[in-house]
């Protein structure tokens, strides 16, 4: 039986403005619901079939995602049923079982976090009502959903619900964390791969999420789509030739941008995976971080690990270690050059435990107009000492900074540290030119 994969994400709002096929259903309370279905216009039978189950957030990044993996998979987007008593068996029979999905990726919970009054109507202020489902009910709904999806032949990826920025009508401030944590606790024991999109977004919330909303900004749509695409592409690696060389590329959201294009360049010659480093920790536990890489590598381990840590080391934080901006009270760069060198040395020493060939990628440029917590500065104060450390340890350097700098206007989003799709492809080519010879 061939392995299949499923991507699903759930919440309470739907992109009604998008063209779709709507199928009316009734729940057990005879309330009509709308299931929104977006199917590929021209399905290619030679490609894998990916099902994405989600909400308005998913539909917001749909086009970005199709642009990233539309040539690798037939992507179908379906909204999840609303209400506190979803009939997962009926939903599965209609949209999942026996339909030949190769991927289903899922996150569920946003609508269950909505506070309602005694009659079940949404309230403006969370304190004026109670969650649509109490915790015991929600945990049971989660378990039933995972069990139902587990009966398919698909490889499952569970995606955590992205957070609200600011105050959103009908939602309590801590509900994202409480429900999301429980959801993750249920995924691992059931053998479901986790895409922690909530954690990824939370560290970049001001940039990725609209104020007083859970919907993504324009750059948020791009970054979320990249994370979802990367998880799906990693799923495609499973079940293929286990003897292929294995490459792990770790870093920040810049890696999220160029991972897919780098993987594509290797084609079937290597299995390429991605991962993170540390985003907001003033005292990174490098041993714990590298232990996660080792666990992800399994018995086979890694042949090559390309790593970077830089942009989040030079961001501005306040005295409580929360993202800040220059000039605000207590704002300072999180790690001085001296602290950066000390931590990077510790990171390198832990990475040596993996037994992989190590490659350090220099931190890519920060443009002068960059807003928010990551502001322009001369990265030579960080990249220079970093390259010296690598020289001492005999580690190859992939100088992405020097590669990007002379062509920055062509490949980087204006006034932003991230790169547009073509720019990420150029960075991927640079990666390939450095990493491919290591596999010979």
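Numbering (this note's numbering), first residue to last: 11 to 450.
Beta carbons are placed, not taken as given, at the ideal position from N, Cα and C, and that holds for glycine.
The model shown is predicted, which means the values in this text are computed figures rather than measured ones.
Helix, strand or coil at residue 223 according to DSSP, with G and I counted as helix: Reduced to three states, the DSSP call for residue 223 is strand.
I'd like to check one pair, residue 118 with residue 235: are the Cβ atoms closer than 8 Å? Cβ atoms of residue 235 and residue 118: not closer than 8 Å.
Taking buried to mean at least 16 other C-beta atoms within 10 Å of its own C-beta, is residue 418 buried or exposed? Residue 418 counts as exposed, since fewer than 16 other C-beta atoms from the protein chains shown sit within 10 angstroms of its C-beta.
To the nearest angstrom, report how far apart residue 438 and residue 263 are at their CA atoms. Distance between the alpha carbons of residue 438 and residue 263: 14 Å.
Exposure label - residue 231; buried when at least 16 CB within 10 Å: So residue 231 ends up on the buried side.
Check the C-beta distance from residue 108 over to residue 89 and give it rounded, since I have them as a contact under 8 Å. Wrong, their Cβ atoms sit about 21 Å apart, outside the cutoff.
Look up residue 357 in the DSSP assignment and give the residues it is bridged to. None; residue 357 has no bridge partner.
Using only alpha-carbon positions, find the residue among 304, 85 and 69 that is nearest to residue 53. Taking only the C-alpha atoms, the option nearest residue 53 is 85.
Could you give the first and the last residue of the continuous beta strand (DSSP E) run that contains residue 414? No beta strand (DSSP E) contains residue 414, which is instead part of the alpha helix (DSSP H) from 410-414.
Helix, strand or coil at residue 305 according to DSSP, with G and I counted as helix: Judged by DSSP in its simplified three-state form, residue 305 adopts helix.
Alpha carbon to alpha carbon, what distance is there between residue 428 and residue 55? The alpha-carbon atoms of residue 55 and residue 428 are separated by roughly 34 Å.
Note the first and the last residue of the continuous alpha helix (DSSP H) segment covering residue 124. Membership of residue 124 in any alpha helix (DSSP H) is not indicated, and neither H nor E is assigned to it by DSSP.
Run through DSSP, which three-state label would residue 345 get? Collapsing the DSSP output to three states places residue 345 in coil.
Taking its Cβ as the centre, do 16 or more other Cβ atoms sit within 10 Å of residue 514, making it buried, or is it exposed? Residue 514 falls outside the range modelled here, since the chain spans only 11 to 450, and no answer is possible.
Run through DSSP, which three-state label would residue 428 get? For residue 428, the secondary structure class from DSSP, reduced to helix, strand or coil, is coil.
Cross-strand partners of residue 322 (DSSP beta bridge): Beta-bridge pairing links residue 322 to no other residue.
Measure from the alpha carbon of residue 398 to the alpha carbon of each residue in 247, 341 and 354, then state which is nearest. Of all alpha-carbon atoms in 247, 341 and 354, the one lying nearest the alpha-carbon of residue 398 is that of 354.
For residue 175, which of 216, 167, 190 and 197 has the nearest alpha-carbon? That would be 216, whose Cα lies nearest to the Cα of residue 175.
Within this structure, are the beta carbons of residue 208 and residue 170 separated by less than 8 Å? Yes.
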